[in-house]
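All remarks here apply to the structure that follows.
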Amino acid sequence: MLVLIHPNEAAVIAEAYGIVRRHMTAKPAITLGLATGGTPVRLYEAMIAGYSRGEIDFARVKTFNLDEYVGLAQDHPQSYYHFMNVHLFNLVNIQRRNIHFLSGLPHDIEKHCEEYEKLIVKAGGIDLQILGIGRDGHIGFNEPSSSLCSRTRDKTLTRETIEDNRRFFTKDEDMPRWALTMGVGTILDSRNILVLATGRAKANAVAAMVEGPLTAMCPASALQMHPRVTLVVDEAAASKLNQDAYYRWMQANDYRMYDLLEKGKRTRRRRA
Ligand code: PGA
Numbered sequence: 607m608l609v610l611i612h613p614n615e616a617a618v619i620a621e622a623y624g625i626v627r628r629h630m631t632a633k634p635a636i637t638l639g640l641a642t643g644g645t646p647v648r649l650y651e652a653m654i655a656g657y658s659r660g661e662i663d664f665a666r667v668k669t670f671n672l673d674e675y676v677g678l679a680q681d682h683p684q685s686y687y688h689f690m691n692v693h694l695f696n697l698v699n700i701q702r703r704n705i706h707f708l709s710g711l712p713h714d715i716e717k718h719c720e721e722y723e724k725l726i727v728k729a730g731g732i733d734l735q736i737l738g739i740g741r742d743g744h745i746g747f748n749e750p751s752s753s754l755c756s757r758t759r760d761k762t763l764t765r766e767t768i769e770d771n772r773r774f775f776t777k778d779e780d781m782p783r784w785a786l787t788m789g790v791g792t793i794l795d796s797r798n799i800l801v802l803a804t805g806r807a808k809a810n811a812v813a814a815m816v817e818g819p820l821t822a823m824c825p826a827s828a829l830q831m832h833p834r835v836t837l838v839v840d841e842a843a844a845s846k847l848n849q850d851a852y853y854r855w856m857q858a859n860d861y862r863m864y865d866l867l868e869k870g871k872r873t874r875r876r877r878a
């Protein structure tokens, strides 16, 4: 896992946007896996700004969102579909038919989840999955005890997640207890994964994800099994990492290595 530690949220978002932009430029018909939540929304703001500057283009982009609350229709103001419309889709040139979402009101949950998995495969798989992490170590709505091989299915939310997300709801009874979510196994099938975390409240979950044992009690720890994960965190979210000195050392030296390789290429070109 490549761990990039930045002084604050603004620097985290600038780094994350740079990564997304490189992927979108390299593959204009990219398939993105998208997350909802307070952290990704800052990245979407940066992507919208980048789109208006003409740096990125969504004309051929396909998206698959990670999860949706069970019981909410797409036009419900707290549905994740609505959230994505307001925070990204309505503000860029993405084509509606390229947006994929789990339904909060499926006729047959099992069949619907299987179909979602098939749609991802049909689209050629997810090139870049964007993830946040919950305080309890969840990714998507894969709560602790989720199978690390799980596929898209329904999950009961933990009390902690319900508490964390209650702030988005006006009335207590509106906050759903269940969600449909891509499984941990579904997420691990993505070619590249970008995880964002900011703030002290995420420090324990970040430490468990990066340095803890591989365990269903921290579903994000499954990302240790994936060969191309980049984690971008601020100082507060990184504050419980034991090996942070090494990550900073690696971060600094990686840049020096790229400089060195660039210089080498230039020298070789001059000699040729
Ligand atoms: P947050 O949510 O970005 O709102 O903290 C992250 C998550 O629960 O995955």
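For the sequence shown, the working numbering assigns the number 607 to the initial residue and increments by one for each residue that follows. Here a beta-carbon is modelled for each residue, glycine too, at the ideal position from N, C-alpha and C. Note that the structure is predicted; figures quoted are calculated from it, not measured.
Check: Buried versus exposed call for Q701 [16 or more other C-beta atoms within 10 Å across all chains shown]; Outcome: exposed
Check: Enclosing beta strand (DSSP E) for R759 [first to last residue]; Outcome: 759-762
Check: Neighbour-count burial assignment, H713, 16 or more Cβ in a 10 Å radius; Outcome: exposed
Check: Beta-ladder partner(s) of G639, from DSSP; Outcome: F670, Q735
Check: For V626, the three-state DSSP class (helix, strand or coil); Outcome: helix
Check: Bounding residues of the beta strand (DSSP E) (the contiguous stretch that carries D840); Outcome: 835-840
Check: Bridge partner(s) assigned by DSSP for A803; Outcome: V839
Check: Identified DSSP bridge partners for W784; Outcome: T762
Check: Span of the beta strand (DSSP E) around V609; Outcome: 608-612
Check: Beta-carbon spacing of K761, F774 below 8 Å; Outcome: no
Check: Pair within 8 Å by beta-carbon distance, T642 and M690; Outcome: yes
Check: Inter-residue CB distance, E674 and G644 (contact presumed, cutoff 8 Å); Outcome: At roughly 17 Å, the Cβ-Cβ gap does not stay under 8 Å, so E674 and G644 are not in contact.
Check: Distance between E621 and L837 (C-alpha atoms, nearest Å); Outcome: 10 Å
Check: Contacts around V607, its chain only, beta-carbon distance under 7 Å, and the 5 residues preceding and following it disregarded; Outcome: Note that residue 607 is Met in the sequence shown, not Val. Result list for M607: V816, L829, Q830, V835, L837, in chain order.
Check: Proximity test, I700 beta-carbon vs the ligand PGA heavy atom, cut-off 7 Å; Outcome: no
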